[in-house]
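Protein chains in written order, with the working numbering: chain A, 164 to 478; chain B, 2 to 289; chain C, -6 to 553.
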C-alpha cells in the first residue's frame, strides 16, 4: 500500500524527468522562440531570467522544484500560466473519464457476468463477436461516426464543447440537461471500447469462478442458481478491479482523441492545442499530469482491491 | 474457423498492400485534374471516388495499406524484440535484477505512451516514418517484457530447465534452445494483438496530423484529410475507415484464435500459470 | 475594378453628409423599432484569441473583439479613404485642429468619454498609448506604421498633440488608424514588458460601446452593451464569440440555429445557406490577398542569402510552375480570384499597368536547368552542389484553403522536380515561426489596411512584417515616392512601377484573393460591412423586436 504510494511519487518524478529531457533534446528553447527580430541582448536577458543559461543539472533542479510547487511555467499559446490552464482542464477530463469509467464498468460487468453464466451459448458467442467488433473500432473513428450521425445529421446532440454558449442564462434543470447533452457523445465514444474490455474480463472471471470448488459446494448445498451466481460474481470482481487500474493509460489516450474531436476542454484538448502552437510548457505539463493521473488510478484500484479482498492486505 | 477466416482477410490485405501499384492505374499522390476530377463520388473509373485534390481514393487506400500495415508490423516486431530481451533477462537472472526491472516497468506503465508520442511529435514537428516506428516500438514493450518475465520465471522452475542447468548449459544457450520455444505462443498472440492496437494507434496519430507526413499516406491520414467533409463527401472517410476496422478486427480475431489454440495445447501439456489461459488481451493477467 | 480615383466624387459626398449628421449611421432603411435595444448575437470563430491587449492583438479574431471594446481617436469612413482627414469621423476625439505647417495636429477629446470603470478619458491616455505602441519591450506590430510620428504631447487634460516628422498625404491615417487608446490610469503602474501578462490583457477595460463581460477559456468571450457610454450604448445587448476550431462543426452550429454569424463559410456549404429559411449570406469585400512567401535569407543566419531562394531565378522558376488559375478554381470555385501582387485588386491603382509572370512549365524547367539545378542523382528532385531543391512549406492547419494550397503546391512543384513538404501548424505556432523568420517558404495572407501604406510594413526592406526579408532598393524608392507625393497622378505611376518591380522579383507567388461572403441570421440587421473588418459597425447592429428569438430576450444579465 505504502509502496504503491511511493511508486506514484516515483512515477510523477520520472514523468517530470522525461519531460525535462524531451525539452532539453528538442530543437530550440523558449528564448529562440522569441524570434530573430529580438535583439541578442534581449534574448540573453530572457535566458538569464528563465535560468536557461545555467548548467543542465541546475536547470533540472529548478525545474523539479518549480513543479513540486505547482509552477508549470507560462503558456506562450494562451498567454497565461500553465497552472491556470490545468486548473480549468483537469476537472473536465476527470468528469469525462470518471463517467466513462462508471458507465463502462456497470455495462461491462453486467454484460460479462451474464455471458460468463451462460458461457458458450449461442447468445454468448454473438455478444462476444459484437464486442470484438466494437473493440476493433478506434475511438476517433467511433467519435467521428457518432458526430456525423447524432450531431450533424439528426442534430440530437451538440457537436462539441462542454456547455452551451448561453449556459449561464439557463434555469438549473436546463443547465443540467445542457451538460448531459454535451457529455453524451464524448462519453459514448470513450466508453464503447472499455465496455468491451470489461465485459471480456468479467465473462472470463465469471466463467472461472463458476468452476471453482466453492461454487460446486454452494450448488451441492442446494442454493438457487441466482444465489450461486451472486457468489460467483463476488469472486469475479477482483480481476475486474485490477484491470481498471491498468486501463488508465489507454483510457487517457482515448480521452485525448475524443476531447479533440468534440472540443471538450480537458487535458487532451489542452495538449493538442499546446502541440499545435508548439507550446512546450503545456506539452511537458500534460505528460506529467497524465502520468500522475495514471499512477493515481492504479493507486485507487489498489485501494479498491484491498477493500474488496482482505487477502491482498497480508501480502 | 475464426482462425482461418481472419487469416484469409489478412492475406487479402497483404496482397492488396504488396500489389497496390498493379491493382490500380493511378498514383496515390498525383492530382488527376484539379478542376474536373475533384471530389467525384464512387464510379467505375474510381470505385472509391476522388478527394479534393482529385486523387484516386482507391489507390490511396491501397497504398495506405502498405504504410499502415508496415508501420504497425515493424513497430510490434521491435517491441517484441525489446520486451523479450528485457523480460527474459529479468526471468533468467532473477533476484535483484528482476526486482529492479519489474519496478522500472511498473513506473513506465504509468506514463501513457500516447502522451509521450504526442509530445515528441510536437517538439520535433512531424516525425519521419522510420522514427515513428522506432518510437511506437520503443514505447510499447512494457507489457511484453512483463509477460515474458513471468513466463521465463515460471519456466525456470520446471524440470527440463533445472536439468539443463544441472548439466551446465550456459544461460544464453539455455534461453535460446530451451526457453525461447516455450515463449513463441505468448509472443505470437501478443504480437498479433499488438499489431491490431498499433494500427489504430498510428491511425489515430495520423488522423490528428502527427503521424505519417504527406505526401505519404496511411489510412489514418486519408481519413483525417476527409474528416472535414464527412457530410458532403462520405467516401473519403468511409473507405479508409472500413479498412482500418477490418484490419484491426482481423488481427484481434487472429490473436484470440491463436490464444485459444495455444491454451488448449498448453492445458493438455501440463498444468501451468501461463497468462494465456484466460483472455487478458490488452494487458497481462493480473491473477497472481 | 474599383480604383481609388474613380470612387473619389462619391467619397466627397459622403464626407459632406458625415459633417451634417455626426452620429454614425448603420443601414439606411432601418425603421425606428429596428433600433430598439436588445438581442444576443453569437459569432462563431475558428480560433481563440490569445490576448485582448490591443497593441498585441494581431489576427482578425483578436482585432474583432478589441475593436468593439476600444476606440480610436477618429474612425475612418466606410469608404476607407486614407488620403488626408476628409473621410474620418470623430470617435474619442470630438474634433481636431491642424497646425498651419501641417506638422502637428491637436486632438480635442470628447469630454464626456469615460472608461468602462467610470474614469474619464484624458489626454494622458493618448500620450501613454503612443508610448506603449512604440516601446521595444512591448513589440506592437503597428510600430512600423508609426514611424512618421515624432511624439505625442499633452497640451491640456483634454488635448493631445501628434507631432509628425514629415508632411505625408496619409499622416492623419497613420496617426489614428493603428492605435486603440489605452487606459493609462490602470496600466502605467505596470512595467511595459509585463503588460502582455497583466490581467488587463484578459479582462480589458476600454471605451467602446460594448464592454467586456467574461472569457471562458477554450469556449467563448462575451461582451455586453455599455449602458453608460457617452456615445450611446450598443443596440444589441450581447455579443458572444464562440470558439469552434472545426469549420464543419462551426457550420453545423450555424445551421442548427445555435449561432448567428460566421465569416468563414466554405463554398461547399453555400448552397445550404441559400436554402435555409433562417440564414442569408452577405457579400463581403475584404482587403486580403494570399501568397506563397519565400525566405530570401538563410534560416538562423540573416546575414547570408537563403541557399535556394536567395536567387531570383529560382523564385521566378517556381512561380512559373504554379498554375494559379487552376488552383483558385480547385479550392474556391467561384469564390476566389488570382492575386496580382502584394495588394488586393481593390487597392491597386491600375491593375493593367504591370505584367504577371506567366504559367510556363517548360520555361520553369529550362530556367532551373540553366542555373545548375538539375536532377543529377535521378531521385526526381533537382539538386545543385549536393543540395536537393527541397524545402518545408509552412501553413496554418486551421485554414482549409491554405492547407489545400499547400498540398496542391507540393504536387505542382513536384512536376518540375522540386520537393516542397507542407508543414501544417496551429495558427499561433505558425505566426510565431513566421515572425521569427524561421521558415523556408510560408503560405501567407494579409488582411490589409485601407490604402497601400501597409506595403511599407510588409514588403519594404525595413518593414517589421517583411518576413521573407525581401530587400530591393528600387522597390523601396518607388514605394517611398508613391506614398509621399501629394500628386495623385504621379503616385499612380510610382505604384505601377513598384508593383512591376516586386512582381518580377518574385519574393512570393501571389496566389489568390478570396471573396468572403459572411453568413448571418436573417433576424439580424447588420450595419454596412467594412472591408477592413466586418465588426467595425457592430454597435449599430440590431434585431427587430418582432423577429426576436429566445436568446434575444435574456436582457443585459450581469451588467454592472
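Every residue gets a Cβ at the ideal spot worked out from N, C-alpha and C, and that includes glycine.
What does residue i touch in chain A if you count any residue whose Cβ is under 7 Å from its own?
i, result
"residue 246(C)", "322"
"residue 237(C)", "323, 426"
"residue 238(B)", "307"
"residue 418(C)", "439"
"residue 245(B)", "301, 304"
"residue 233(C)", "328"
"residue 111(B)", "174, 454, 457, 458, 461"
Which chain A residues are close to residue i, counting only those with a beta carbon under 8 Å from its beta carbon?
i, result
"residue 485(C)", "Simply none; closest approach about 33 Å."
"residue 212(C)", "324, 325, 326, 328, 428"
So residue i contacts chain C; which residues on that side make the cut at Cβ distance below 7 Å?
i, result
"residue 216(B)", "403"
"residue 166(B)", "In chain order: nothing, as chain C lies at least about 55 Å away."
"residue 147(B)", "Result: empty, since nearest Cβ-Cβ is about 37 Å, beyond 7 Å."
State yes or no: is the beta carbon of residue i nearer than 7 Å to at least one beta carbon in chain B?
i, result
"residue 184(A)", "no"
"residue 69(C)", "no"
"residue 306(A)", "no"
"residue 361(A)", "no"
"residue 322(C)", "yes"
"residue 293(C)", "no"
Hey, is residue i's beta-carbon within less than 7 Å of any beta-carbon in chain A?
i, result
"residue 553(C)", "Residue placement at residue 553(C) is poorly supported in this model, since its pLDDT is 36, which falls under 50; the coordinates are not used for a value here."
"residue 42(B)", "no"
"residue 191(B)", "no"
"residue 280(B)", "Caution applies to residue 280(B), whose pLDDT of 32 falls short of 50 and renders its modelled position unreliable; the value that the coordinates give is listed next. Output row for residue 280(B): interface = yes."
Please compile the residues from chain F whose C-beta is within a distance smaller than 7 Å of the C-beta of residue i.
i, result
"residue 415(C)", "The chain inventory of the structure shown lacks chain F, comprising the protein chains A, B and C."
Near residue i, which residues of its chain fall below 8 Å by C-beta distance, leaving aside the five closest residues on each side in sequence?
i, result
"residue 546(C)", "31"
"residue 103(B)", "91, 147, 150"
"residue 292(C)", "299, 430, 431, 432, 433"
"residue 260(C)", "325, 326, 327, 328"
"residue 25(C)", "Its pLDDT being 48, under 50, residue 25(C) is placed unreliably by the model, and nothing is read from it."
Helix, strand or coil for residue i, going by three-state DSSP, please let me know.
i, result
"residue 503(C)", "strand"
"residue 452(C)", "coil"
"residue 379(A)", "helix"
"residue 431(C)", "coil"
"residue 7(B)", "helix"
"residue 319(A)", "coil"
"residue 373(C)", "coil"
"residue 440(C)", "strand"
To which residues of the same chain is residue i closer than 6 Å at the C-beta, ignoring the five residues directly before and after it?
i, result
"residue 181(B)", "none"
"residue 489(C)", "343, 346, 347"
"residue 78(C)", "165"
"residue 37(C)", "235, 237, 243, 246, 252, 255"
"residue 60(B)", "25, 27, 29"
Note down, in chain order, each residue of its chain lying with its Cβ closer than 7 Å to the Cβ of residue i, except the 5 sequence neighbours on either side.
i, result
"residue 99(C)", "89, 90, 148, 152, 154"
"residue 483(A)", "The structure shown has nothing for residue 483(A), since chain A only spans 164 to 478."
"residue 479(A)", "This structure cannot settle anything about residue 479(A), because the visible part of chain A is limited to 164 through 478."
"residue 183(C)", "191"
"residue 515(C)", "271, 272, 273"
Looking at the C-beta of residue i, does it have a partner C-beta in chain C at a distance below 7 Å?
i, result
"residue 251(A)", "yes"
"residue 268(B)", "Legend: pLDDT at residue 268(B) = 42, less than 50; position of this residue unreliable, value from coordinates given subsequently. Not closer than 7 Å to any Cβ of chain C, the Cβ of residue 268(B) fails to qualify, so no."
"residue 196(B)", "no"
Residue i touches chain C at which residues, Cβ-Cβ below 8 Å?
i, result
"residue 242(A)", "43, 44, 189, 190, 194, 195"
"residue 210(A)", "Those do not exist, as residue 210(A) stays about 15 Å from chain C at its closest Cβ, beyond 8 Å."
Three or more C-beta pairs closer than 8 Å, one from the stretch 219 to 234 of chain A and one from the stretch 434 to 441 of chain A: is that the case here?
Verdict: no, contact absent.
Does the structure place the stretch 342 to 353 of chain A close enough to the stretch 369 to 379 of chain A that three or more beta carbon pairs sit under 8 Å?
Too few Cβ pairs lie closer than 8 Å, so no.
Per the contact definition of three or more C-beta pairs closer than 8 Å, is the stretch 485 to 504 of chain C in contact with the stretch 320 to 340 of chain C?
The stretch 485 to 504 of chain C and the stretch 320 to 340 of chain C touch, with three or more beta-carbon pairs separated by less than 8 Å.
Inter-stretch contact (C-beta, 8 Å, three-pair minimum) for the stretch 237 to 252 of chain A and the stretch 310 to 328 of chain A:
Because the criterion of three Cβ pairs below 8 Å is not met, the stretch 237 to 252 of chain A and the stretch 310 to 328 of chain A do not touch.
Can you confirm whether the stretch 313 to 322 of chain C touches the stretch 369 to 379 of chain C when touching is taken to mean that 3 or more C-beta pairs between the two stretches lie within less than 8 Å?
Touching, no.
So, does the stretch 239 to 248 of chain C touch the stretch 225 to 242 of chain B, judging by three or more C-beta pairs under 8 Å?
Yes, the stretch 239 to 248 of chain C is in contact with the stretch 225 to 242 of chain B.
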